[in-house]
Amino acid sequence: MCSILAMACNSSGCESGSCGRDKENGRSKVEEVKEESVCLKCKSNEPMKFGDGGSDDGRFCADCFRSNVYGKFRLAVTSHAMITPSDNVLVAFSGGSSSRVALQFVHELQVKALKNYEASRDRSLPVFGVGVAFVDESAAFPAALSGEMGDAVAWVRSTVLSMSPPEKDLHVVPIESVFALKLLDSVSDETGKEDLLLHLKMLSLQKVASENGYNRLVVGSCTSRLASHVLTATVKGRGYSLSADIQHVDARWKVPIVMPLRDCVWQEITRLCHLDGLKTVELARHPQSGINDLVSSFVALLQEENPSRECTIVRTAAKLTPFYFNKIPETDDSCVPMATQRRLKKFNLKYDGSMTTEAFCPICNGPLNGSDSSEGYHESDNTLYAACCSSCRFQILPQDRSSLEHFGSLLPHHMVSQAKHHQKVDSQTYLREKIKDCLLMDDEEAEAV
Amino acid sequence: MEASEAKSKKQGASRLCCLCNQRRAVLKRPKTLQQICKECFYDVFEEEIHQVIVKNHLFKSGERVAIGASGGKDSTVLAYVLSELNTRHSYGLDLFLLSIDEGITGYRDDSLETVKRNELQYGLPLQILSYKDLYGWTMDDIVKMIGLKNNCTFCGVFRRQALDRGAALLKVDKLVTGHNADDIAETVLLNILRGDIARLSRCTSITTGEDGPIPRLHTYAYFKKLDYFSTECIYSPNAYRGFAREFIKDLERLRPRAILDIIKSGEDFRIATSTKMPEQGTCERCGYISSQKWCKACVLLDGLNRGLPKMGIGRARGGVNGDHKMETKKPASATKSIESKKCGSLDF
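Residue numbers (the working numbering), protein chains in the order written: chain B, 22 to 470; chain C, 8 to 355.
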């Protein structure tokens, strides 16, 4: 895990400054960049100047820069078996730069696969399918968004249309399709409200993915986004579940989430959009004054002081033990090519010592620490309260216990059932995986015992 | 929550303490949002510290315990409360005050006066150790040499060792420090920001260094002092910790319990077993505990004495701990050989 990140960042084309060479003490002055006359990597083309005041400007040519970023994407995809020939992949697209690049790269990967398919004689490897999902949040921010949303959706539609062949279905999901709008009003904490909305967004993505036969959900989270998440999770007391959220793969969901841009920094992504003319749309939100925004500003401040800080934060968090669901599960499905199955097995060998968990919080789907859930729990307590993690209890659930019943009724049915589904299925699968070499009986015989 | 808070603020003026219901409430605990009077605050605060001590089995009867005393608010409170509880609950401890003089003119002189007063007020014997005596350098000297960057690295490393050496001198069994929740939260954040996974795994422990020469204890004051009158070290504005401190102040305004949540996260982090962690050994030069050939204090001192202020700052790329051969040069200044003495065998 950590080595992949280091490898990616230390590759010769790394754009993220002094990543991998962390300066221990404070205020390092931005080193004066020598005027390079040739690309540092290919030593033939003229270096590209972005003029955005960021680090490492004017060191690599456009081609080398692009191939470096795409290279990190492709490395993540292949080494974690994120997208394989038999998969049907849904790309979560918000209109922002990160998901725009994710969509573009997935499309390029698909085009290449199609080319290979058409060129191959036996046509043994199918081309993976790609769909696009856009979550329409305007119901949650009526004043701010309703006007622009129509235009945004139209723009998304035309963008997806332009990315064929191969053709991609677009699914526009209104966020209120998974919950009652009064639910948000019941949350008094500003940050809790923002986080609940994120959880609901994921729920709607999961819903559209599983209802339309997708088996992978691509999310465009980049290093910078994850760095902020590391800090927000820490300050919300979510240190136990943090490692579950920042890996390349998150398979605790019905449709596993993959993050192929995890090793790319925001600066690279925006530069790439600029370079390739990838248009993005930024929807105005109502001002966010909670903890999430405070952390983003803090990280931006740290980045100014040291451009490789985001990388260091994620690298540190990557040293925390991941969970058993942080990998694509091995499968006996005959549709999956043997090469993929072998790669999965090989990769999963490294996962010895990953964390197991019995239960998940019904709201945020975070793995629960045994001691955490029993803290402050009394027999007479509402079952929702007992089932949630301490962070959701504080910032999302209503503080006065008498309103808990009503709040629970407003929660999407999926939230509770999703968690239950996983906790039963996956810990069994995990345990069986661990001991299968010692098992003498096959599945059916074991069941009968 | 916001609406009810505003409402209770308006009523606050005439509110009674919610614990004793007799006296007027004068403050609100960030941790529990209770409105309590001064006397109940003292009781609750002292009781919490007593509970931490008891639950974590921090002391045994008959032990000699040194209190790291800087004269600042935290250590003053610690000294007072500990000596109170020692009597009240009969811990049976032999308490001492241990103070370190870093040699910062205009800052440390004042706080040392406070410690000297504490000695008289609480009847606890005081031992003062100075950087000048231990290392041959005052912080003023060091700053003159290295400038205003990285001073906190030198001071922090030297003070940690100074406290241990002082504790050895006093022949104590335990050393107690007044680190509070804010300090620990800052440290957790700092270790995440700087990639120090080894420290991240240790920093929330209530006791450290069990196998070392003198075990050290961090007592959390779970409640923050309301009296914010503390002077900052004149050299501190440039410390990297300042980033974390500012952020935590802003965070606390939004959500007071966030500080304890950071500590909780720190305690809940599980480090991957595949991660390489440092092994504890001893310094070849002075015998202090160290994960490298030379302890950090020796590396820094060597750099100072040789006029190489950057040595020991940043990643080790050669030098003593990076080399295979080790130099055994005697320090140029400091005729006293205290720094080469093994910790625990210091005789004055």
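Glycine included, C-beta positions come from ideal geometry on N, C-alpha and C.
Assigned secondary structure, residue i (DSSP; H/G/I helix, E/B strand, else coil)
{"i": "Thr-211 (chain C)", "result": "coil"}
{"i": "Thr-184 (chain C)", "result": "strand"}
{"i": "Pro-388 (chain B)", "result": "strand"}
{"i": "Lys-271 (chain C)", "result": "helix"}
{"i": "Leu-26 (chain C)", "result": "coil"}
{"i": "Ile-60 (chain C)", "result": "helix"}
{"i": "Lys-317 (chain C)", "result": "coil"}
{"i": "Gln-444 (chain B)", "result": "Note that Gln-444 (chain B) has pLDDT 45, beneath the 50 cutoff, so the model's placement of it is unreliable and no number is given."}
{"i": "Ala-154 (chain B)", "result": "strand"}
{"i": "Phe-149 (chain B)", "result": "coil"}
{"i": "Asn-109 (chain B)", "result": "strand"}
{"i": "Arg-36 (chain C)", "result": "coil"}
{"i": "Thr-289 (chain C)", "result": "strand"}
{"i": "Ser-245 (chain B)", "result": "helix"}
{"i": "Phe-509 (chain B)", "result": "Nothing can be reported for residue 509 (chain B), as the shown portion of chain B is limited to 22 through 470."}
{"i": "Asp-77 (chain B)", "result": "coil"}
{"i": "Arg-201 (chain C)", "result": "coil"}
{"i": "Asp-148 (chain C)", "result": "helix"}
{"i": "Glu-36 (chain B)", "result": "Caution is warranted here: a pLDDT of 38 is assigned to Glu-36 (chain B), below 50, making its placement in the model unreliable, and no coordinate value can be reported."}
{"i": "Phe-344 (chain B)", "result": "strand"}
Start-to-end residues for the beta strand (DSSP E) that takes in residue i
{"i": "Ser-137 (chain C)", "result": "133 to 137"}
{"i": "Arg-71 (chain C)", "result": "71 to 75"}
{"i": "Ala-304 (chain C)", "result": "Where Ala-304 (chain C) is concerned, there is no enclosing beta strand (DSSP E), although the alpha helix (DSSP H) it sits in stretches over 303 to 312."}
{"i": "Leu-102 (chain C)", "result": "101 to 108"}
{"i": "Leu-85 (chain C)", "result": "Counting along the chain, Leu-85 (chain C) falls outside any beta strand (DSSP E), though it belongs to the alpha helix (DSSP H) covering 80 to 95."}
Span separating the alpha-carbon of residue i from that of residue j
{"i": "Arg-115 (chain C)", "j": "Asp-108 (chain C)", "result": "7 Å"}
{"i": "Thr-404 (chain B)", "j": "His-250 (chain B)", "result": "28 Å"}
{"i": "Thr-289 (chain C)", "j": "Arg-209 (chain C)", "result": "19 Å"}
{"i": "Tyr-142 (chain C)", "j": "Leu-308 (chain C)", "result": "7 Å"}
{"i": "Ile-320 (chain C)", "j": "Ser-281 (chain C)", "result": "27 Å"}
{"i": "Gln-131 (chain B)", "j": "Phe-200 (chain B)", "result": "34 Å"}
{"i": "Phe-162 (chain B)", "j": "Arg-422 (chain B)", "result": "28 Å"}
{"i": "Cys-67 (chain B)", "j": "Leu-365 (chain B)", "result": "For clarity, residue 67 (chain B) is Glu in the given sequence; the question names Cys instead. Approximately 41 Å, taken between the alpha carbons."}
{"i": "Cys-60 (chain B)", "j": "Ile-196 (chain B)", "result": "46 Å"}
{"i": "Asp-206 (chain B)", "j": "Leu-304 (chain B)", "result": "22 Å"}
{"i": "Thr-99 (chain B)", "j": "Leu-293 (chain B)", "result": "21 Å"}
{"i": "Leu-182 (chain C)", "j": "Val-72 (chain C)", "result": "6 Å"}
{"i": "Pro-316 (chain C)", "j": "Leu-323 (chain B)", "result": "25 Å"}
{"i": "Arg-259 (chain B)", "j": "Met-280 (chain B)", "result": "21 Å"}
{"i": "Asp-284 (chain B)", "j": "Thr-105 (chain B)", "result": "20 Å"}
{"i": "Gly-150 (chain B)", "j": "Val-156 (chain B)", "result": "20 Å"}
{"i": "Ser-411 (chain B)", "j": "Asn-390 (chain B)", "result": "10 Å"}
Where residue i falls, given that 16 or more other Cβ within 10 Å makes a residue buried
{"i": "Arg-144 (chain B)", "result": "exposed"}
{"i": "Cys-27 (chain C)", "result": "exposed"}
{"i": "Thr-212 (chain B)", "result": "buried"}
{"i": "Tyr-98 (chain C)", "result": "buried"}
{"i": "Tyr-49 (chain C)", "result": "exposed"}
{"i": "Cys-413 (chain B)", "result": "buried"}
{"i": "Cys-63 (chain B)", "result": "exposed"}
{"i": "Tyr-235 (chain C)", "result": "In this predicted model, Tyr-235 (chain C) has a pLDDT of only 26, less than 50, meaning its place in the structure is not dependable; the value taken from the coordinates is given anyway. Tyr-235 (chain C) comes out exposed."}
{"i": "His-435 (chain B)", "result": "buried"}
{"i": "Glu-193 (chain C)", "result": "buried"}
{"i": "Arg-80 (chain B)", "result": "buried"}
Span of the alpha helix (DSSP H), counted from its first residue to its last, around residue i
{"i": "Asp-257 (chain C)", "result": "248 to 261"}
{"i": "Arg-237 (chain B)", "result": "Looking at the DSSP string, Arg-237 (chain B) is not in any alpha helix (DSSP H); the run it does join, the beta strand (DSSP E), is 237 to 239."}
{"i": "Val-194 (chain B)", "result": "First-last for Val-194 (chain B): 190 to 195, but that is the beta strand (DSSP E), not the alpha helix (DSSP H)."}
{"i": "Ser-12 (chain B)", "result": "Residue 12 (chain B) falls outside the range modelled here, since chain B spans only 22 to 470, and no answer is possible."}
{"i": "Gly-92 (chain B)", "result": "83 to 100"}
{"i": "Ser-132 (chain B)", "result": "Correcting the residue identity first, residue 132 (chain B) is Val in this sequence and not Ser. Where Val-132 (chain B) is concerned, the enclosing alpha helix (DSSP H) stretches over 118 to 140."}
{"i": "Gln-309 (chain B)", "result": "Element bounds for Gln-309 (chain B): n/a, residue is neither H nor E."}
{"i": "Ala-169 (chain C)", "result": "158 to 176"}
> Between the region 254 to 288 of chain B and chain C, which residues of the former have CB atoms less than 8 Å from a CB of the latter, in chain order?
Replying inline: Ala-254, Thr-255, Val-256, Lys-257, Gly-258, Arg-259, Gly-260, Tyr-261, Leu-263, Ser-264
> Taking any Cβ of chain B, which residues in the region 199 to 214 of chain C have a Cβ under 9 Å from it, in chain order?
Replying inline: Ile-199, Leu-200, Arg-201, Gly-202, Asp-203, Ile-204, Leu-207
> Using Cβ-Cβ distances below 9 Å, what residues of the region 85 to 111 of chain C are close to chain B?
Replying inline: none
> Using a beta-carbon distance cut-off of less than 8 Å, what residues from the region 248 to 271 of chain C approach chain B?
Replying inline: Phe-250, Phe-254, Asp-257, Leu-258, Leu-261, Arg-262, Arg-264, Ala-265, Leu-267, Asp-268, Ile-269, Lys-271
> Taking any Cβ of chain B, which residues in the region 165 to 182 of chain C have a Cβ under 8 Å from it, in chain order?
Replying inline: none
> What are the residues of the region 317 to 338 of chain B that lie near chain C, defined by any Cβ-Cβ distance shorter than 8 Å?
Replying inline: Phe-319, Leu-322, Leu-323, Glu-326, Arg-330, Thr-333, Ile-334, Arg-336, Thr-337, Ala-338
>> By the 9 Å beta-carbon criterion, what residues does the region 90 to 113 of chain B contribute toward chain C?
In response: none
> At a Cβ cut of 9 Å, what residues of the region 49 to 61 of chain C count as close to chain B, listed as they run along the chain?
Replying inline: none
> Between the region 239 to 255 of chain B and chain C, which residues of the former have CB atoms less than 9 Å from a CB of the latter, in chain order?
Replying inline: Val-251, Leu-252, Ala-254, Thr-255
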